[in-house]
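**Q** Structure below; questions to follow.
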Amino acid sequence: MLPTTTSDLLAFSSRFLEQEVSDRLQILKRLGLARYADFILLMPKTDANVACVMRFFADPSRVKFPDLRGVELAGLTLDGANLIRANLTGAKLNGSSLVKADLIYAQLQDADLRNADLRGATLNKTSWAGAWVEGCRLGVGVGLTDEQRQDLQERGALLEFWLK
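Structure below.
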């Protein structure tokens with residue numbers, strides 16, 4: 006059972022991010038949220054991530070639309086992560102590997118994706134307004150429109166043919 010008051014939920018979320026990966030996974034399994042383990046298990050404990058986990062646990066029925074605004078996942082390997090419909094507005098994903106991640110309908114406004122690797126990621130219906138993409142590696146033919154592809158390339162993204 007998850008806490009219901011804001012202060013208890015804040016404490017629970019903070020403690021959650023202090024736990025070992027195996028303990029975090031058990032909690033996620035008990036809550037029926039293990040499908041999101043690929044990124045939640047790797048989250049470092051920062052104020053932004055505590056707030057993110059708190060929002061995640063505050064309303065588990067809405068996890069199909071993960072509210073990951075401002076999450077700090079810079080430099081992490083998140084290959085194959087399920088981030089469908091995730092709100093990643095203002096997220097720090099610079100230097101992260103998101104190879105073959107599912108980002109369909111993801112909101113990436115103002116996200117920092119500099120030097121991130123998104124080759125093979127599914128990017129249909131994504132929103133990129135204000136995202137920092139210098140050095141971000143994207144595969145060709147991964148769900149981006151021609152207009153998005155051109156815009157991202159003009160802002161410094163690297164479009165590559167990728168066959169894996």
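Once you know that position 150 of the sequence shown is 155 in the numbering used here, the rest is easy, because the numbers rise by one and skip nothing.
Cβ coordinates follow ideal geometry from the N, Cα and C atoms, glycine included.
Computed from a predicted model, the values in this text were never measured in an experiment.
#1: Just the C-alpha distance for Arg124 and Val104, rounded to the nearest angstrom, thanks.
#2: What is the residue span of the alpha helix (DSSP H) that Leu22 lies within?
#3: Once the 5 residues before and after Asn54 are set aside, which same chain residues still bring their CB inside 7 Å of it?
#4: Spatial neighbours of Gly100 within its chain, please: C-beta separation below 7 Å, excluding the five flanking residues on both sides.
#5: Do Ala136 and Gln114 come within 8 Å of each other at the CB atom, strictly closer than that value?
#6: With distance defined between alpha-carbon atoms, name the residue in Phe62, Met59, Leu128, Ala162 nearest to Ala111.
#7: Less than 8 Å between the C-beta atoms of Leu157 and Val138, yes or no?
**A** To lay it out plainly:
#1: 5 Å
#2: 11 to 23
#3: Leu22, Met48, Val76, Glu77
#4: Ala79, Gly80, Asn120, Ala121
#5: yes
#6: Leu128
#7: yes
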